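Participant: Converting from the sequence shown to my numbering requires adding 88 to each position, the first position being numbered 1.
Ideal Cβ placement from N, Cα and C applies to all residues, glycine included.
The model shown is predicted, which means the values in this text are computed figures rather than measured ones.
Provided herewith is a single structure, encoded as C-alpha cells, for subsequent inquiry.
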Amino acid sequence: MSFSDLLDDIGGQGRFQFINTILLIIPGIIMASHPLLQNFSAAVPDHHCQTADNTLPGSSWNFTSSDVLLKAYIPVDEGTKLSKCLQFSKPQWHLTFENGSFFNISETQKIPCQHGWSYDRTEFSETIVTEWNLVCDLRHLRQMSQSIYMGGVLFGALIFGSLSDKFGRRTILTWSYLQVGVVGTCTSFSPSFEIFCILRFLTGMAVSGAVLNAVCLNVEWVPIRSRTIFGTLYAFSFSIGQMVLAGVAYTIRDWRKLQLAVSCPMLLCFMYSWWLPESARWLTLKNKPDQALRQIKKVARINGLANKGKLVTLEVLKRHMQKEVESSKVIYTIYDLFRTPMMRRITLCLMTLWCCNSFAFYGLIMDLQKFGVSVFLVQLIFAAIDFPVKLFASASLMYLGRRRTLGGCMLLAGIMIISNAFISYDMKALRTSLAVLGKGLFGAAFTGVYIFTGELYPTVLRQTGMGFGSTLARVGSMTAPLIRMFEDHLPSLPGIIYGAVPIIAAFVVIFLPETLNMPLPETIDDLFTCILLELTFYHSVCDQHTDKLKFPCKQLLFSIYLIIIKACG
C-alpha cells in the first residue's frame with residue numbers, strides 16, 4: 089500500500105493529471121529557448137573595420153561599386169575575403185586598380201581597427217556582438233557569456249533543489265516563473281555587456297529551478313504506472329520549444345526584442361501557477377497532512393471522483409504514506425554515493441557519462457553558424473530530430489539493453505563529430521547531416537543515462553544520485569563553450585575534442601552492470617545482488633558461445649571479466 093495506490097483510487101490518469109501536465113508543458117516550451125538563445129542573440133555576422141571616412145562603404149554593408157574602394161582601406165585575409173580585424177594605416181589607392189597587388193605592402197602598414205566595425209545586417213539586425221563589438225580581441229567574451237548562463241543553471245540546481253524541499257515544490261516553481269519573466273525582460277534592456285551577463289546568470293538560475301520543480305510536481309501527482317507517459321509528454325515540451333524558437337528568431341532579428349518575446353510570456357505562467365496544487369507527498373512529509381488532504385480531495389473532484397475523495401481521511405493518508413515517512417527519517421548525503429567500493433565505481437562511471445555527454449551535446453548545438461546553412465533551418469532540424477530519436481532510444485533500451493544503447497550512441501555520435509572536424513566547409517549538406525545525427529544520438533544517450541542512473545542507484549539514494557549527475561552535466565555544459573576559444577590556434581581542434589570526449593566515455597559503460605529486466609535495488613546492499621545476477625548471466629552466455637573451448641579457457645574469460653569489475657570497485 090503506497091501513495092501511488094491512493095492516486096489510482098482518485099483517478100491516476102484523470103482530467104487533473106492532463107490539465108496539470110499541460111499547464112507545466114506551456115512554460116517548458118517557453119523556457120526551452122533560453123539555453124539556445126545564444127545562437128541568435130549572440131550570432132556573429134560578417135564584419136570588417138569601419139573606415140574613417142563615413143562617405144565610403146563602411147557605415148553599411150553594400151558591396152557593389154564599393155568593393156573596389158574598400159580594397160584601399162581593408163587588407164584581404166583569405167583569397168578575396170576582407171580582413172575582420174585589420175585595416176591599412178593609410179589608404180592603398182593603387183589596390184583599387186585592376187592590376188593592383190599587395191607586393192609592396194608590409195605588415196607594419198596593417199593595424200587593428202581604429203574606428204569600430206561595419207557589420208552585415210542582412211540576417212540579424214542587431215546582436216550582442218554587433219552592439220558591444222564582441223569581435224577580434226573581445227570575441228572570447230561571447231563564449232564566456234554562455235558559460236556564465238550555464239553557471240547560473242548549475243547554481244540554480246543547487247539552490248532551488250534544497251529550497252524546494254524546505255518551502256515546497258509549487259512555491260519555488262511560482263517564484264522561478266516570476267524570476268524568469270522579470271529578469272529575462274530586464275535582460276532585454278541591458279545597458280552593458282556586464283549587466284547582460286549578470287542577468288543571464290540569474291535567468292539560468294530561475295530556469296533550472298523551474299524545470300526541477302516542474303518535473304517533481306508532474307511526477308508526484310501521477311501513479312508509478314503512468315509516470316513514463318506524463319514524463320515523456322513533459323520531455324517533448326523542450327523539443328517543441330526549440331522548434332518554436334527557430335520560428336520566433338526567424339521573425340524577430342533584433343536580440344533585445346527576441347529576448348523580450350521569450351521572457352514576457354513567463355509572467356502569464358506565473359499568474360496561473362497559483363492554481364497548481366502543492367505536492368501532497370511533500371505536505372505529508374512536512375507534517376502538514378490537513379493541507380495534503382485538501383489537495384487530494386480537490387484532485388478527486390476535478391477527476392470526477394468526489395465521492396472517492398470523501399473516503400480519504402487523515403488515517404488513510406498516513407497509512408498510504410507510512411513507508412515514505414519512515415524512509416525520510418534516514419538522511420543520505422552525497423558522501424553515501426562514494427561510501428562503498430561498488431557505489432564508488434557506479435558513481436564515478438555515471439559522473440563521467442553525465443559530464444561528457446552534456447559537454448559534447450552543448451559543444452555541438454551552441455555554434456550553429458559554422459555549418460554554413462541558415463541557422464534558423466539548422467535549429468529547426470536539430471529540434472525535430474528529437475522526436476524519432478526518442479522513439480528509437482525507447483525501443484533500443486527495451487531490446488538491446490542500457491549498456492549497448494548508451495555506449496553505442498555515444499560512440500557513434502563522437503565519431504560523427506570528429507569526422508565533421510576534417511570535412512571541408514564547402515560540403516555543407518554532409519556536415520549538417522552528420523551534426524544532426526550526432527545531436528540526435530546525444531539526445532538518445534541522455535535518455536539512456538537518465539534511465540540508467542535511476543535504475544543503478546538504490547531507492548534511498550536515487551534522488552541524490554540524479555541530482556549529483558545533473559550537477560555534473562551542468563559542469564560539462566559550462567565548459568563546452570570555452571573550448572571554442574581554441575579555434576584561433578587550430579580550427580578543427582574543438583570538433584576533435586567534442587568528438588573524442590564521448591568516444592572515451594562510451595567505454596566507461598563496460599564497468600557498469602546491465603539493468604535491463606533487473607529488479608530495482610531498494611538498498612545499497614541490493615546492488616551486490618544485481619551484480620551477482622549479471623555475473624550469472626555472463627557465465628551462461630560464456631557457456632553458450634564457448635562450447636568448443638576447453639573448460640580452462642571459459643574460466644579464464646570469466647576471471648578476466650571479474651578482474652575488470654573488481655579493479656574498478
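Say whether the segment 124-131 touches the segment 443-463, bearing in mind that this needs 3 or more beta-carbon pairs closer than 8 Å, one atom from each stretch.
Facilitator: Yes, they touch.
Participant: Secondary structure at I107, three-state DSSP: helix, strand or coil?
Facilitator: As a first step, residue 107 must be located in the sequence shown, where it is residue number 19. If DSSP states are grouped into helix, strand and coil, I107 belongs with the helices.
Participant: Classify D208 as helix, strand or coil using the three-state DSSP reduction.
Facilitator: Locating residue 208 in the sequence shown gives position 120, counting from the first residue. Coil.
Participant: With a floor of 4 residues, list each alpha helix (DSSP H) that falls wholly inside the segment 382-432, ordered by position along the chain.
Facilitator: If we require 4 residues or more, the alpha helix (DSSP H) runs fully inside the segment 382-432 come out as 394-399, 402-408, 410-416.
Participant: Should C201 and Q175 be called a contact, given that it needs their Cβ atoms to be closer than 7 Å?
Facilitator: One-based indexing of the sequence shown puts residue 201 at position 113. One-based indexing of the sequence shown puts residue 175 at position 87. Against a cut-off of 7 Å, the Cβ pair of Q175 and C201 comes out as a contact.
Participant: Taking all protein chains shown into account, decide if S280 is buried (16 or more other Cβ within 10 angstroms of its Cβ) or exposed.
Facilitator: Stepping through the sequence shown from its first residue, residue 280 is reached at position 192. So S280 counts as exposed.
Participant: Per DSSP, which one or two residues make a beta bridge with P200?
Facilitator: Taking the sequence shown and counting its residues from 1, one reaches residue 200 at position 112. For P200, which the question treats as bridged, DSSP gives the partners L174.
Participant: DSSP three-state label for V164, please.
Facilitator: Here residue 164 refers to the residue found at position 76 of the sequence shown. In the structure shown, V164 sits in a strand (DSSP, three-state: E or B).
Participant: On the premise that A501 lies in contact with P590, defined as a C-beta separation below 8 Å, what is that separation, rounded to the nearest angstrom?
Facilitator: Position 502 of the sequence shown, counted from the first residue, corresponds to residue 590. Position 413 of the sequence shown, counted from the first residue, corresponds to residue 501. Yes, P590 and A501 are in contact; Cβ-Cβ is about 6 Å, under 8 Å.
Participant: Check whether the segment 391-401 and the segment 274-288 are in contact - that is, three or more C-beta pairs closer than 8 Å.
Facilitator: Too few Cβ pairs lie closer than 8 Å, so no.
Participant: Exposed or buried, which one is T366 when buried takes at least 16 other CB atoms within 10 Å?
Facilitator: Counting from one through the sequence shown, the residue named residue 366 turns up at place 278. Checking the sequence shown, residue 366 turns out to be Glu, not Thr. By the neighbour-count rule (16 or more Cβ atoms within 10 Å), E366 is buried.
Participant: If you drop the 5 nearest sequence neighbours on each side, which residues of the same chain put their C-beta closer than 6 Å to that of S325?
Facilitator: Counting from one through the sequence shown, the residue named residue 325 turns up at place 237. Same-chain partners within the cutoff: I113, G116, I117.
Participant: Using a Cβ-Cβ cutoff of less than 7 Å, which residues in the same chain neighbour W263 once the five nearest sequence positions on both sides are dropped?
Facilitator: The residue labelled residue 263 in the question sits at position 175 within the sequence shown. Answer for W263: no residue qualifies.
Participant: To the nearest whole angstrom, what separates the beta carbons of D424 and L549, a pair I think is in contact under 8 Å?
Facilitator: Position 336 of the sequence shown, counting from 1, holds the residue named residue 424. Position 461 of the sequence shown, counting from 1, holds the residue named residue 549. With a Cβ gap of about 6 Å, D424 and L549 count as contacting.
Participant: Can you have a look at F248 and say buried or exposed, based on whether 16 or more other CB atoms are within 10 angstroms of its CB?
Facilitator: Stepping through the sequence shown from its first residue, residue 248 is reached at position 160. Counting Cβ neighbours within 10 Å, F248 comes out buried, since at least 16 surround it.
Participant: Keeping to the same chain, check which residues put their C-beta closer than 8 Å to that of H228; ignore five residues upstream and five downstream.
Facilitator: The residue given as residue 228 occupies position 140 in the sequence shown. Around H228: M573.
Participant: Can you name, in chain order, every residue of its own chain whose Cβ lies under 8 Å from the Cβ of L469, other than the five neighbours on each side?
Facilitator: As a working mapping, residue 469 is identified with position 381 in the sequence shown. Note that residue 469 is Ile in the sequence shown here, rather than Leu. Excluding sequence neighbours, I469 sits near T520, V524.
Participant: On the DSSP bridge assignment, give the partners of P214 in chain order.
Facilitator: The residue you call residue 214 lines up with position 126 of the sequence shown. Going by the sequence as given, residue 214 is Glu instead of Pro. Paired residue(s): D342.
Participant: Indicate the three-state DSSP secondary structure (helix, strand or coil) for K527 in the structure shown.
Facilitator: Residue 527 sits at position 439 when you count from the first residue of the sequence shown. If DSSP states are grouped into helix, strand and coil, K527 belongs with the helices.
Participant: Would you list, in sequence order, the uninterrupted beta strand (DSSP E) runs of no fewer than 3 residues that lie entirely inside the segment 263-351?
Facilitator: As far as the segment 263-351 is concerned, it has no whole beta strand (DSSP E) run of at least 3 residues.
Participant: Spatial neighbours of G397 within its chain, please: CB distance less than 7 Å, with the 5 preceding and 5 following residues excluded, ordered by chain position.
Facilitator: Residue mapping note: residue 397 aligns to position 309 of the sequence shown, counting from 1. The residues are I98, I384, K385, A388, R389.
Participant: Compute the distance between the beta-carbons of P377 and G100, then report whether it is under 7 Å.
Facilitator: Working through the sequence shown from its first residue, we reach residue 377 at position 289. Working through the sequence shown from its first residue, we reach residue 100 at position 12. No. Outside cutoff.
Participant: Could you tell me if K159 is buried or exposed, where buried requires 16 or more neighbouring beta carbons within 10 angstroms of its beta carbon?
Facilitator: In the sequence shown, counting from the first residue as 1, residue 159 sits at position 71. Answer is buried; the Cβ neighbour count reaches 16.
Participant: Who are C137's beta bridge partners in DSSP?
Facilitator: Your numbering for residue 137 matches position 49 in the sequence shown. C137 pairs with W205.
Participant: So, under 8 Å CB-CB, D530 and L452 are touching, yes? Tell me the CB distance rounded to an integer number of Å.
Facilitator: Here residue 530 refers to the residue found at position 442 of the sequence shown. Here residue 452 refers to the residue found at position 364 of the sequence shown. In the sequence as displayed, the identity of residue 530 is Phe instead of Asp. Rounded, the Cβ-Cβ distance is 7 Å, consistent with contact.
Participant: Following the continuous alpha helix (DSSP H) through L485, name the residue where it begins and the one where it ends.
Facilitator: Numbered from 1 along the sequence shown, position 397 holds the residue referred to as residue 485. Counting along the chain, the alpha helix (DSSP H) containing L485 begins and ends at 474-487.
Participant: Report the rounded CA-to-CA distance for K178 versus I162, giving the unit in angstroms.
Facilitator: Here residue 178 corresponds to residue number 90 of the sequence shown, with the count starting at 1. Here residue 162 corresponds to residue number 74 of the sequence shown, with the count starting at 1. Between K178 and I162, the C-alpha separation is close to 10 Å.
Participant: Per the contact definition of three or more C-beta pairs closer than 8 Å, is the segment 535-547 in contact with the segment 204-220?
Facilitator: Verdict: no, contact absent.
Participant: Consider the Cβ of K172: report whether some Cβ of chain D lies at a distance smaller than 7 Å.
Facilitator: The chain inventory of the structure shown lacks chain D, comprising one protein chain alone.
Participant: Give the secondary structure of V223 by DSSP, where H, G and I count as helix, E and B as strand, and everything else as coil.
Facilitator: On the sequence shown, position 135 is the one that residue 223 refers to. Of the three classes helix, strand and coil, the one that applies to V223 here is coil, per DSSP.
Participant: So, V596 versus T440, is the Cβ gap smaller than 7 Å?
Facilitator: Numbered from its first residue, the sequence shown carries residue 596 at position 508. Numbered from its first residue, the sequence shown carries residue 440 at position 352. Against a cut-off of 7 Å, the Cβ pair of T440 and V596 comes out as a contact.
Participant: Assuming the contact rule is C-beta atoms closer than 8 Å, L300 and S252 should be a hit. Round their C-beta distance to whole Å, please.
Facilitator: The residue labelled residue 300 in the question sits at position 212 within the sequence shown. The residue labelled residue 252 in the question sits at position 164 within the sequence shown. With a Cβ gap of about 7 Å, L300 and S252 count as contacting.
Participant: Keeping to the same chain, check which residues put their C-beta closer than 6 Å to that of G102; ignore five residues upstream and five downstream.
Facilitator: For this step, residue 102 is matched to residue 14 along the sequence shown. Once the five neighbours on either side are set aside, the close Cβ partners of G102 are N391.
Participant: Give me, in chain order, the residues of the same chain whose beta-carbon lies closer than 7 Å to that of I584; leave out the 5 immediate sequence neighbours on both sides.
Facilitator: Against the sequence shown, residue 584 aligns to sequence position 496. Closer than 7 Å at the Cβ level, and outside the excluded window around I584, lie I506, A509.
Participant: Do you know how far the Cα of L226 is from the Cα of E211?
Facilitator: Within the sequence shown, residue 211 is the residue found at index 123, counting from 1. Within the sequence shown, residue 226 is the residue found at index 138, counting from 1. About 22 Å.
Participant: Compute the beta-carbon to beta-carbon distance between L494 and A533, rounded to the nearest angstrom, for a pair I have assumed lies under 8 Å.
Facilitator: Translated into the one-based positions of the sequence shown, residue 494 becomes position 406. Translated into the one-based positions of the sequence shown, residue 533 becomes position 445. Right, the Cβ-Cβ distance comes to about 6 Å (below 8 Å), so this counts as a contact.
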